[in-house]
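Heads up: the structure comes next, in structure tokens.
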Amino acid sequence: MSGYWKDVFGGTKSLAVGLGITIKAFFQPVVTLQYPHESLKMTPRFRGHIDLVKDEETGESKCIVCGMCQKACPSGCITVDGEKPEGAKKKVLTKYTLDFTKCSLCGLCVESCKPEAITFSKDYNLAGPRKEAYIFDLKKRLEERS
Amino acid sequence: MAILVQLIISLVVVIAFIALNAAFLVWLERKGAGHFQRRIGPKEVGPFGLLQTVVDGIKLMSKQLFVPDHVDPILFRVAPLLILIPAVMSFVTIPFSDFLVARNLNYGLLMIFAFASVNVLGLLIGGWGSANKYAVISAARAVSQNVAYEIPMLITVITVVMMTHTLDLTEIVRQQAGGFWNWNILPLGRNPLMAVIMPISFLIFFTCSLAETNRAPFDMAEAESELIAGAYTEYPGMGFGVFFMGEYANIIVGCALSTILFLGGWQCPFGLFPGVHWFLIKLYLLIFTVIWIRWTYPRTTIYGLLNLSWKVLIPFSLFNLLLTGAFLKVF
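From first to last, the protein sequence lines stand for chains U and C. Numbering of the first sequence is given in the numbering used here, commencing with residue -1 and proceeding in unit increments. Numbering of the second sequence is given in the numbering used here, commencing with residue 2 and proceeding in unit increments.
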């Protein structure tokens, strides 16, 4: 019989304690992020797809069109092309595309880049209606940013 | 003629009240669930997400009323109505205030319990008619649960009736006038000895009304992790919608009965300005408690559920009945 009464009173008490805990949670502020309306700032080490770095002095890309990233990429996602304008000393970047459908975010391109012209972007809202939406024109992205 | 007009008006008002309340309670439930889990809940459609259930209702109504093969065509269609109609009938005699009652019956309490037991028949018919194994298991569970919890519920109601000497709901509330010390939950002002047992009666009654309306933690009939949606599994669109509406209507009936029998109905706690507002305040506080309980406790097992009824609630309510008889006879 003692077990029975212990069950009844102990059970009732534990139920009341449970109700107390939830009602406290009810009046505490919400902890969820209202995602489409607000989003978190990504941490510095977050690896998004790669992006070109802007040279603060010229406002152009830092890329010297050496093609190291293209060679380093194990999946062959990167296509770089450049040209040497008349009278210029260095090559100028004309095309930088990333085929993100194949990219595995290994970061070898970022490591291989001597002038540190590419970096990981913090972009994670990457929904697209078709495959072609994931072939990024990074030069265009850079121009849009500036 | 006047009676007919009154009847039609009250029927329309009752059905409108049930439909609006079902929409509002679904919203309240989701909002409450959100905040108990420290989320916000619905917030996009309308102010504070208030129109969310309206939009959901439109979605349900626009769906095809598909009747699967192998179901019993009549029972399948009848079941949702069998859940809703008893709830609507119960509203006929529930007094919202001294004069705000569709039809006051001097055996109102008896009528409500008569109709409340039809509720389980709806679940049984829906489950059986669906010809679905989950639905049949759900129906069997619902029946065993309702049989088990109807007994302690009725016994506690008898203690109230013994104290008030009436089955008339309006009269029961009238007797609780004055202040909260006259309410049946703690009738210190009327019969101090009864104040010892009435709180227990209230707890038993409230627990049983949770189980009768298939609410968590007693929602064995609709244990979605085990039985998909229980008896509602095969119902598309508004068939499911009517079930849902009936479920919420039954919650309102259960909470309204608790308010009337134990918490003084439309009476003010301090004897000031009694009226329909007090009834609604108490009703919605109780409904909030129901939601609060749902989002606090995990679902019990079917054995735990039946054990609670047969080993705890029924002995306690019988003991209550015995003590009530003794107290009323001796003192």
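For every residue, glycine included, the Cβ atom is placed at its ideal position computed from N, Cα and C.
Option in the options with minimal Cα separation from residue i
i, options, result
"residue 63 of chain U", "U:34, U:111, U:71 and U:119", "U:111"
"residue 202 of chain C", "C:114, C:154 and C:330", "C:154"
"residue 39 of chain U", "U:123, U:133 and U:127", "U:123"
"residue 140 of chain U", "U:20, U:58 and U:34", "U:58"
"residue 258 of chain C", "C:235, C:296, C:287 and C:77", "C:287"
"residue 125 of chain C", "C:234, C:185, C:40 and C:52", "C:234"
"residue 219 of chain C", "C:262, C:149, C:164 and C:122", "C:149"
"residue 273 of chain C", "C:180, C:50, C:107 and C:144", "C:180"
"residue 22 of chain C", "C:58, C:8 and C:9", "C:58"
"residue 143 of chain U", "U:2, U:53, U:74 and U:13", "U:53"
Beta-carbon separation (whole angstroms), residue i vs residue j, contact threshold 8 Å
i, j, result
"residue 140 of chain C", "residue 232 of chain C", "6 Å"
"residue 78 of chain U", "residue 94 of chain U", "6 Å"
"residue 308 of chain C", "residue 213 of chain C", "Incorrect: roughly 17 Å between the Cβ atoms, too far for contact."
"residue 71 of chain U", "residue 91 of chain U", "In fact, because the Cβ distance is near 16 Å, the residues do not count as touching under 8 Å."
"residue 221 of chain C", "residue 295 of chain C", "No, residue 221 of chain C and residue 295 of chain C are not in contact; Cβ-Cβ is about 14 Å, not under 8 Å."
"residue 170 of chain C", "residue 109 of chain C", "4 Å"
"residue 67 of chain U", "residue 116 of chain U", "6 Å"
"residue 55 of chain C", "residue 88 of chain C", "Between residue 88 of chain C and residue 55 of chain C the Cβ distance is about 21 Å, and since that is not below 8 Å, they are no contact."
Alpha-carbon to alpha-carbon, residue j and residue i
i, j, result
"residue 311 of chain C", "residue 194 of chain C", "26 Å"
"residue 197 of chain C", "residue 249 of chain C", "32 Å"
"residue 132 of chain C", "residue 74 of chain C", "11 Å"
"residue 113 of chain C", "residue 276 of chain C", "22 Å"
"residue 240 of chain C", "residue 66 of chain C", "7 Å"
"residue 101 of chain C", "residue 247 of chain C", "22 Å"
"residue 82 of chain C", "residue 326 of chain C", "40 Å"
"residue 99 of chain U", "residue 114 of chain U", "24 Å"
"residue 117 of chain C", "residue 91 of chain C", "8 Å"
"residue 51 of chain U", "residue 289 of chain C", "56 Å"
"residue 315 of chain C", "residue 63 of chain C", "45 Å"
"residue 130 of chain C", "residue 166 of chain C", "42 Å"
"residue 19 of chain U", "residue 270 of chain C", "28 Å"
"residue 41 of chain C", "residue 48 of chain C", "13 Å"
"residue 11 of chain U", "residue 208 of chain C", "15 Å"
"residue 6 of chain U", "residue 210 of chain C", "19 Å"
"residue 96 of chain C", "residue 14 of chain C", "13 Å"
"residue 152 of chain C", "residue 34 of chain C", "31 Å"
"residue 31 of chain U", "residue 39 of chain C", "11 Å"
For residue i, the three-state DSSP class (helix, strand or coil)
i, result
"residue 102 of chain U", "coil"
"residue 50 of chain C", "helix"
"residue 219 of chain C", "coil"
"residue 63 of chain U", "coil"
"residue 85 of chain C", "helix"
"residue 29 of chain C", "helix"
"residue 169 of chain C", "coil"
"residue 5 of chain U", "helix"
"residue 118 of chain U", "strand"
"residue 284 of chain C", "helix"
"residue 49 of chain U", "strand"
"residue 10 of chain C", "helix"
Burial state of residue i (16 or more Cβ within 10 Å)
i, result
"residue 283 of chain C", "buried"
"residue 85 of chain C", "buried"
"residue 121 of chain U", "exposed"
"residue 104 of chain C", "exposed"
"residue 188 of chain C", "buried"
"residue 44 of chain U", "exposed"
"residue 69 of chain U", "exposed"
"residue 45 of chain C", "exposed"
"residue 158 of chain C", "buried"
"residue 73 of chain U", "exposed"
C-beta neighbour in chain B for residue i, strict 8 Å
i, result
"residue 41 of chain C", "Of the protein chains in the structure, U and C, none is chain B."
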